[in-house]
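Participant:
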Amino acid sequence: MEPLITLIAVTALLLVLGALGVRALRPWPVAVRGGLAAMFTLTGVVHFVFMREELIAMVPPALPAPGLLVTITGVLELAGAAGLLLPRTAPWAAGGLSLLLVAMFPANVHAALEGTATPLLPRTLMQVLFLAATLAVVAHHVRARREPALA
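Taking the working numbering, the leading residue of the sequence shown gets 20, the next gets one more, and so forth.
#1: So, helix, strand or coil for Phe124, using DSSP?
#2: Measure the beta-carbon distance from Val51 to Ala152 and round it to whole angstroms, keeping in mind my assumption that it falls under 8 Å.
#3: Span of the alpha helix (DSSP H) holding Thr108?
#4: From Leu36, Pro85, Leu120, Leu74, pick the residue whose C-alpha is nearest to that of Phe149; which is it?
#5: Within a Cβ cutoff of 6 Å, which residues of the same chain sit near Thr62, ignoring the five residues on either side of it in sequence?
#6: Rounded to whole angstroms, what's the CA-CA distance from Ala170 to Gln146? Just pull it up for me.
#7: For Gly114, which residues in the same chain have their Cβ closer than 7 Å to its Cβ, ignoring the five residues on either side in sequence?
#8: Can you name the start and end residues of the alpha helix (DSSP H) that Arg71 belongs to?
#9: Just to confirm, are Leu172 and Phe67 a CB contact at a threshold of 8 Å?
#10: For Ala100, which option in Trp111, Ile91, Leu55 has the closest C-alpha, if you only look at C-alpha atoms?
#11: Do you know offhand how far Met70's Cα is from Ala81's?
#12: DSSP three-state label for Thr137, please.
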């Protein structure tokens, strides 16, 4: 639940700051990118501290080297979070994080079914929201690149 709270709280804070006059935060994609960056920083860090053992236990038994997989996904989440902060790399980072969310979903299903994580329905709804946010960043970039060509 903490990742969802982080995404919503940071995005809302950035939207409010934009509405209060912080020019750089006015466009909604900037606020969403900031919220996603905060969320993926949080989830990336817990791959190494606080919840590492729980995350290793979430890896389905059919996959090899659960510790290595948790390390790799943690590094990818942290790299994606950093990439979201730079306008030039943000769409690529958001696209990569979208793929990562899809790739990691089986581990979330496994953990929910084993009773070691958030139950399946709330977890699935959160994943859909996270995926929608990352894809919104990608879609905004694609649309923004096409608009000058249409004008």
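Every residue, glycine too, gets a C-beta built ideally from N, C-alpha and C.
Facilitator: In short, the structure shows the following:
#1: helix
#2: 6 Å
#3: It is not in any alpha helix (DSSP H) - Thr108 carries neither H nor E in the DSSP assignment.
#4: Leu120
#5: Pro22, Glu96
#6: Unreliable positioning characterises Ala170 in this predicted model, as indicated by a pLDDT of 45, which lies under 50. The coordinate reading is nonetheless provided below. Near 36 Å, if we compare the C-alpha coordinates of Gln146 and Ala170.
#7: Val157
#8: 71-77
#9: The structure shown does not extend to residue 172, since the chain is modelled only from 20 to 170, so the question has no answer here.
#10: Leu55
#11: 21 Å
#12: coil
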